[in-house]
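Q:
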Amino acid sequence: MASEMFWLMLLHPKTGRVHYDVDENLSTNNLTRLGQIDVESVPIHEIRHILGLGHSRDPDAIMYPYYRPGTIKRNLGQDDIDGIRALARKEYTFEGLNQVKQYLKAFGYYSINGVSLTDSFDDVLESALKSFQQHYRLNVTGRIDSNTLKKMSTPRCGVQDIFNDSNDDVKFSMIANYSFFDGMPRWNKSRLTYMFRSSAFVIRNQQLRPIIIRAFNTWARVSSFTFQEANPSDIVMGFHRGFHWDRFPFDGPGNVLAHAFAPQNGRLHYDADENWSTSNVIRRDQTDLETIAIHEIGHILGLGHSRDPNAIMYAYYNPGTIKRNLGQDDIAGIRALYSN
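Take full-length UniProt numbering: the final residue in the sequence shown is number 340, and no numbers are missing along the way.
What follows is the structure, given as structure tokens:
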């Protein structure tokens, strides 16, 4: 094997597709063995291509085209910083910036109407970036910096964070860290029923059932709710892919994992294209179904996203992790919503 190799993730700036070579020996640890490829070093390099940066001739720069296996290179060099700052100044135009705008719009940081999704860095984008950074407690720069890009590249729930339109099904009112849908819609009964109905086969109901029961019980233990499987039902959950008749199509592996709707809609959808795990031992490329189920049931009950990263209702999920316990913010939120 050559001592140096080209970066092993292909990125297509026009389509936003990112492909890893599955045959590579990837490392997700802070200690990389000889011959391994650091999985964090690679996307830091490739993300900057989508923002318009080419390769650097500086060997210390992240944008240097060669990578030495067994090494970790996660910090930007001065050449990287100078390049991204030159691109990110207002009124600068470069291919791929509209994808950042589309992302921010999808999760509520742009108003729905009258937004130009061009490749130009403008005042509206700067304001949206600041809102996103403030919401997730990042350094508020109004720029497309490394921490902002890292957050945006993390898989997450498809429910918006902030809402500026007139659709009462999806608006939020932020209180403390937890949040509610606009108008604080609630269920007017404590006994809720559920059923499974999928348009794509992923997991047999016999395997799915105990996972969902545990997820419902997680919320039942801290509230007055009880849950029972029945047909017809209040809650309908299932696996779907792509367009599935709810105005929020899924996007394939990664990115959006699932979404649900406010009371008393009762719909909960999982992206069938994700690599779902149903066991207590999870691989680094898998998504824990029970973790996501607990999160989405929180939406079904009326909770929005939390800004507390320890909360189940935090919007983002790190692949290969299990997070099945409610945080104090989750408990406070559900009890505040149903306090009287």
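For every residue, glycine included, the Cβ atom is placed at its ideal position computed from N, Cα and C.
Going by DSSP, which residues form a beta bridge with D271?
A: In the sequence shown, residue 271 corresponds to position 271, counting from 1. H240.
Q: The alpha helix (DSSP H) spanning F216 covers which residue range?
A: Your numbering for residue 216 matches position 216 in the sequence shown. Taken as a continuous stretch (DSSP letters only), the alpha helix (DSSP H) holding F216 covers N205 to A220.
Q: If you measure between the beta carbons of V222 and I300, is that distance less than 8 Å?
A: As a position in the sequence shown, residue 222 is number 222, starting the count at 1. As a position in the sequence shown, residue 300 is number 300, starting the count at 1. Taking 8 Å as the Cβ cut-off, V222 and I300 do not qualify as a contacting pair.
Q: Quick check: what's the CA-CA separation for A106 versus G158?
A: Here the question's residue 106 lines up with position 106 in the sequence shown. Here the question's residue 158 lines up with position 158 in the sequence shown. Approximately 9 Å, taken between the alpha carbons.
Q: Going by the CB atoms, is the gap between T278 and residue 346 shorter than 8 Å?
A: In this structure the chain extends from 1 to 340, so residue 346 is not present and cannot be described.
Q: Give the straight-line distance between the Cα atoms of D79 and D123, rounded to the nearest whole angstrom.
A: Here residue 79 refers to the residue found at position 79 when the sequence shown is read from its first residue. Here residue 123 refers to the residue found at position 123 when the sequence shown is read from its first residue. The straight-line gap from Cα to Cα measures roughly 26 Å.
Q: Secondary structure at D168, three-state DSSP: helix, strand or coil?
A: Counting from 1 along the sequence shown, the entry for residue 168 is found at position 168. With a pLDDT of 40 at D168, under the threshold of 50, the modelled position of that residue is not reliable, and the figure given next carries that caveat. Residue state, collapsed to three classes: coil.
Q: Tell me where the alpha helix (DSSP H) around S131 begins and ends.
A: On the sequence shown, position 131 is the one that residue 131 refers to. D123 to H135 is the extent of the alpha helix (DSSP H) around S131.
Q: How big is the Cα-Cα spacing for residue 345 and D119?
A: Outside the shown range of the chain, which is 1 to 340, sits residue 345, and nothing can be said about it.
Q: In or out: I319 buried (at least 16 other Cβ within 10 Å) or exposed?
A: The residue given as residue 319 occupies position 319 in the sequence shown. Checking the sequence shown, residue 319 turns out to be Pro, not Ile. Label assigned to P319: buried.
Q: From Q134 to R307, what distance separates their C-alpha atoms?
A: Within the sequence shown, numbered from 1, the residue matching residue 134 stands at position 134. Within the sequence shown, numbered from 1, the residue matching residue 307 stands at position 307. If I take the Cα positions, the gap works out to 10 Å.
Q: Determine, using beta carbons only, whether E296 and A258 come nearer to each other than 8 Å.
A: By 1-based counting over the sequence shown, the position of residue 296 is 296. By 1-based counting over the sequence shown, the position of residue 258 is 258. For E296 and A258, yes; Cβs fall inside 8 Å.
Q: Which residues mark the beginning and the end of the beta strand (DSSP E) in which T193 is found?
A: Along the sequence shown, one-based indexing puts residue 193 at 193. First-last of the beta strand (DSSP E) with T193: R191 to F196.
Q: In the DSSP output, what is T287 paired with across the bridge?
A: Here the question's residue 287 lines up with position 287 in the sequence shown. Answer is W276.
Q: Quick check on H259: does DSSP put it in helix, strand or coil?
A: Counted from its first residue, the sequence shown places residue 259 at position 259. Correct three-state label for H259: strand.
Q: From this set, W245, D145 and I282, which residue's C-alpha is nearest T321's C-alpha?
A: Start at 1 with the first residue of the sequence shown, and residue 321 comes out as number 321. For T321, the nearest C-alpha among the options comes from I282.
Q: To the nearest angstrom, report how far apart M152 and M195 are at their CA atoms.
A: The residue labelled residue 152 in the question sits at position 152 within the sequence shown. The residue labelled residue 195 in the question sits at position 195 within the sequence shown. For M152 and M195, the distance between alpha carbons rounds to 33 Å.
Q: Taking N265 as the reference, which of I294, D329 and W187 has the closest Cα?
A: The residue labelled residue 265 in the question sits at position 265 within the sequence shown. It is W187.
Q: Where do the ends of the alpha helix (DSSP H) carrying Q160 lie?
A: Residue numbering aside, residue 160 sits at position 160 when the sequence shown is read from its first letter. Note, Q160: premise wrong, no alpha helix (DSSP H); not H, not E.
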